[in-house]
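Participant: In our numbering, the protein residues as written are 611 to 712. Pasting a structure below so you can have a look.
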């Protein structure tokens with residue numbers, strides 16, 4: 611899926627470090643929180659794939675209008691931060707995609 615210029619600019623600034631990322635919709639609502647050992651590789655992967663494993667991921671990517679990230683000292687810190695942010699924001703797609711895994 612082709613990313614907008616705004617998203618492409620964000621992707622170019624992402625560091626190759628562990629951390630947490632938040633995807634926002636057009637209304638500024640957090641719709642997904644994720645963690646990564648390499649923020650640039652992980653977040654860019656949403657926009658580089660020609661096909662997605664399921665329709666829910668495709669639906670998520672279509673709704674992403676903005677991205678924020680936080681660098682974490684370690685992957686373990688990223689995991690803890692991700693959990694905290696999911697509890698704080700209750701993002702729609704974290705709940706939707708979690709339902710697929712149970």
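Glycine included, C-beta positions come from ideal geometry on N, C-alpha and C. Being a predicted model, the structure only gives us computed values, none of them experimental.
Residue 685: which of 693, 651, 646 and 676 sits nearest, CA to CA?
Facilitator: Considering only alpha carbons, the answer is 646.
Participant: State the start and end residues of the unbroken beta strand (DSSP E) segment that holds residue 691.
Facilitator: Not the beta strand (DSSP E): residue 691 falls in the alpha helix (DSSP H), residues 685-699.
Participant: Beta-carbon within less than 6 Å of residue 678's beta-carbon, same chain only, minus the 5 sequence neighbours each way: which residues are those?
Facilitator: 632
Participant: What would DSSP say about residue 647, mapped onto helix, strand or coil?
Facilitator: coil
Participant: Classify residue 682: buried if its beta carbon has 16 or more other beta carbons within 10 angstroms, exposed otherwise.
Facilitator: buried
Participant: When burial is assigned at 16 or more other CB atoms within 10 Å of the CB, is residue 692 buried or exposed?
Facilitator: buried
Participant: Just tell me which of 650, 688, 669 and 695 has its CA closest to the CA of residue 619.
Facilitator: 650
Participant: Which residues in the same chain as residue 706 place their Cβ atom closer than 7 Å to its Cβ, once the five residues preceding and following it in sequence are excluded?
Facilitator: 666
Participant: Measuring only the C-alpha atoms, how far is residue 626 from residue 644?
Facilitator: 15 Å
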